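To get this note's numbering, take the position in the sequence shown, counting from 1, and add 790. One structure is given below, encoded as structure tokens.
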Amino acid sequence: MKTNFLKLFLAIIVVSGTQVSWAKVSVSSKDAGFDRFKNRLVNQFWKMYPEWASSQGFHKYDSVLVIPTAARREKEVHFCETYLDSLTAFPINDLSPANRIDYYLIENQLKSGIWSVQELKSWQWDPSGYNVSGTFADMLSNNYAGLDERIHNFYRRMAEIPAYYEAAKQNIRNPSAEHTKLAIEQNLGGLSVFEKDLEDALKKSHIEAENKAKVTSRAKAAVAAIRDYAEWLKSLDNKHPRSFRLGKDLYDKKFAFDLQSGFTAAEIYQKAIVRKEELHDDMYRLTCLLWPKYFQNQTMPRSNLVAIKMMIDKLSRKHANRDSFESSIRKQLPQLEKFIKAKNLLYIDPKKPLVVRREPDYMAGVAGASISAPGPYDKKGNTYYNVGSLSGWSDDKAESYLREYNKYVLQILNIHEAIPGHYTQLVYANQSPSIIKSILGSSAMIEGWAVYGERMMLEAGYDPDMNANPTESSPEMWLMYDKWHLRSVCNTILDYSVHTKNMSRSEAMNLLIDQAFQEKTEAEGKWRRVSVTQVQLCCYFTGYTEIYALRSKIQKNLGVNFDLRRFHEQFLSYGSAPVKYIRQLMLADPKNQKHERQFKMIEH
Ligand code: ZN
Ligand code: ZN
791 MKTNFLKLFL AIIVVSGTQV SWAKVSVSSK DAGFDRFKNR LVNQFWKMYP EWASSQGFHK
851 YDSVLVIPTA ARREKEVHFC ETYLDSLTAF PINDLSPANR IDYYLIENQL KSGIWSVQEL
911 KSWQWDPSGY NVSGTFADML SNNYAGLDER IHNFYRRMAE IPAYYEAAKQ NIRNPSAEHT
971 KLAIEQNLGG LSVFEKDLED ALKKSHIEAE NKAKVTSRAK AAVAAIRDYA EWLKSLDNKH
1031 PRSFRLGKDL YDKKFAFDLQ SGFTAAEIYQ KAIVRKEELH DDMYRLTCLL WPKYFQNQTM
1091 PRSNLVAIKM MIDKLSRKHA NRDSFESSIR KQLPQLEKFI KAKNLLYIDP KKPLVVRREP
1151 DYMAGVAGAS ISAPGPYDKK GNTYYNVGSL SGWSDDKAES YLREYNKYVL QILNIHEAIP
1211 GHYTQLVYAN QSPSIIKSIL GSSAMIEGWA VYGERMMLEA GYDPDMNANP TESSPEMWLM
1271 YDKWHLRSVC NTILDYSVHT KNMSRSEAMN LLIDQAFQEK TEAEGKWRRV SVTQVQLCCY
1331 FTGYTEIYAL RSKIQKNLGV NFDLRRFHEQ FLSYGSAPVK YIRQLMLADP KNQKHERQFK
1391 MIEH
């Protein structure tokens, strides 16, 4: 009796203590102080990182090019230390949940800034970190201000290019061969911005001839500096290049900073290994089920993986043709929305339609589909779904692409990119406006949500051959889903194994081609990517794992009272925050807890 009473008492305390309604909290004085601090920080932050500012649509510092000297690194560390210090003045538990997440995001960013300079030191071994062309290209292609004004800032910013590359040369020591090669390619590839793109822009501008000549002459100096950097790298006497593999110690830390996961890198890797086996088992089961339908008289090969591969190839032949590719994507979006409504999976704001467009010229060649969202400083801008056009492609290239994005996979792509994936998540994120979450948002949460959405939609029965009231996805759809999902899983295995376990190139090819059913060109591209990036390939599976685990936990707590729609809407209401913080807040919400109180009453 006594313990029951105590439990009951505690349960009530918990209930009343955490009855905090997310949106309607009145701003306490501590929160108001913290909000002021955030504004101050962001202003200083853009001054410190002007290039980042431009990429987010904040153009005040467009004319500034930061020269990467040792003094600059010291300044950056000092900046981070100072703001970390100011941050500790705020008692975190007195802040609203939204501000608590912002607090953690800021803290992580500042600590990560110091760590990058002092321990990761990619400024020493990654020459591809030095490349100015991206922001310059944006200044020409992105229509945020008048062309003449953009060219004027372009001109001012170019002045420091020679000093920039001189500082880069001072920094580089025993760079990895892979990053050196990438730096040469990308820097030379960026020259067209200062040659062709700039000349084209000048022609369109209303700048006087005399000033045009000044711009052109400064561009020549910039081009010379970039070429000189590439030549310098080519002839670098680099007897002891650093390995492109990060090594376990740095990798674990980078994983923690970049993904802010509730799991360690090793834990996620273990989960990926298990998931790969589950998927293989499921794919084999589905292949056996489908075999008679597609290969009537043919005996199945002995190897499971070979049989699965044959079935995937067979199903991949069902695809849109090159002229109907864009229109079939257009047709699917309202279907996805209708399905979500019919199954009561999540509220979708009808006032914010997604604008589908053929991808603009400056993105051409990337193909596939992608979302372009307005940055935090352009809230009213449209969100576009860019669909790649296959015009100008050879028949072979188009056919291979259309097979990859076949009838089934195209559905999953739309789920991932648009509804209920990236696009829907973004609409929700914009409803909990926080500049901090916009600029420091969690890639694992964002990608994890899109990957989670794929599975959720199939669990709810989504299928391309949908009739009026679908109940179950077809085995074909599940098999192709498994293959698609296996890609995120193997990305994680690859990244962790290459950077911490010395996985060789041929082992990697075996993983991607034989065990994940990828084409050779795709696998080779992946190898190039993993040899110049670290951790980033893990964000998809890490976020997915955390979201799925959170859902299972709450489902277990609530049993028959679990409401999928409520879970989704609450999950998305926190903005693009790391899942581990969303988890803390959701599990603290009595609505997501076991109903101790009721239960105890009955016991009495
Ligand atoms: Zn075909
Ligand atoms: Zn994505």
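Using N, Cα and C, we set each Cβ at its ideal position, and we do this for glycine too. Remember, it's a predicted structure, so these values are computed and weren't measured experimentally.
Segment contact: the region 1261 to 1272 against the region 1351 to 1364, fewer than three CB-CB distances shorter than 8 angstroms; contact not assigned. Assignment of R1147 by DSSP, reduced to helix, strand and coil, places it in the strand class. In the DSSP annotation of this structure, the continuous segment of the beta strand (DSSP E) that includes N1176 starts and ends at 1174 to 1177.
Taking a C-beta distance under 7 angstroms as the contact criterion, V922 and A1062 do not qualify as a contact pair. The C-beta distance from Q908 to V867 rounds to 7 angstroms, short enough to meet the 8 angstroms contact threshold. Taken from the Cβ of A1240, at least one heavy atom of ligand 2 lies inside 6 angstroms. Under the DSSP assignment, A1159 falls in the beta strand (DSSP E) whose first and last residues are 1159 to 1162. The beta carbon of E1237 sits closer than 6 angstroms to at least one heavy atom of ligand 2. If you look at W915, you'll find it in the alpha helix (DSSP H) that goes 912 to 915. Counting C-beta pairs closer than 8 angstroms gives fewer than three between the region 892 to 906 and the region 1234 to 1243, which falls short of the contact rule. Residues L1135 of the same chain have their beta carbon placed closer than 7 angstroms to that of L1354, with the five preceding and five following residues left out of the count. If you draw a straight line from the Cα of D1042 to the Cα of T1054, it is about 7 angstroms long. When only Cα atoms are considered, P1210 and K1128 end up about 11 angstroms apart. Bounds of any alpha helix (DSSP H) do not take in F984, whose DSSP letter is neither H nor E. Burial state of E871 is exposed, judged by a 10 Å Cβ sphere holding fewer than 16 other Cβ atoms.
For C1328, there is no enclosing alpha helix (DSSP H), as DSSP marks it with neither H nor E. Look at E1309 here: in three-state DSSP terms it is coil, with no helix or strand label. Contact between V1325 and E968 is absent: CB atoms are separated by about 16 angstroms, not below the 8 angstroms threshold. With at least 16 other beta carbons inside 10 angstroms of its own, A991 counts as buried. Judged by DSSP in its simplified three-state form, W1183 adopts coil rather than helix or strand. Y1019 is a Cβ neighbour of Y955, given a cutoff of 7 angstroms. Bounds of the alpha helix (DSSP H) holding Q1360 are 1354 to 1362.
Between I1344 and Y1338, the alpha-carbon positions lie close to 10 angstroms from each other. For the beta strand (DSSP E) assignment, the uninterrupted runs of no fewer than 3 residues enclosed by the region 1096 to 1150 are, from N- to C-terminal side, 1145 to 1148. For V1013, the uninterrupted alpha helix (DSSP H) segment begins and ends at 999 to 1024. Rounded to the nearest whole angstrom, the C-alpha separation of S918 and R1035 is 15 angstroms.
In the structure shown, P1210 adopts coil according to DSSP, grouped into three states.
Setting aside the 5 residues that flank it on each side, S1366 is surrounded in the same chain by A1219, K1227, G1231, S1232, M1235, I1236, each with a C-beta closer than 7 angstroms to its C-beta; the list follows chain order. Under the 10 Å beta carbon count, R1107 is surrounded by fewer than 16 other beta carbons and is classified as exposed. Comparing C-alpha distances from R1092 to each of Y1074, K1002, G1171 shows the shortest one belongs to Y1074.
D1285 is the residue among F1085, K1291, D1285 whose C-alpha sits nearest the C-alpha of R1318. If you compare the alpha carbons of G1182, M929, P1164 with that of E841, the shortest gap goes to M929.
The three-state reading of DSSP puts F827 in helix, counting H, G and I together.
In this structure G847 does not touch D1304 by the C-beta definition: roughly 44 angstroms separates them, more than the 8 angstroms allowed. The three-state reading of DSSP puts K1044 in helix, counting H, G and I together. In the assembly as shown, D1071 is an exposed residue. Its beta-carbon has fewer than 16 other beta-carbons within 10 Å.
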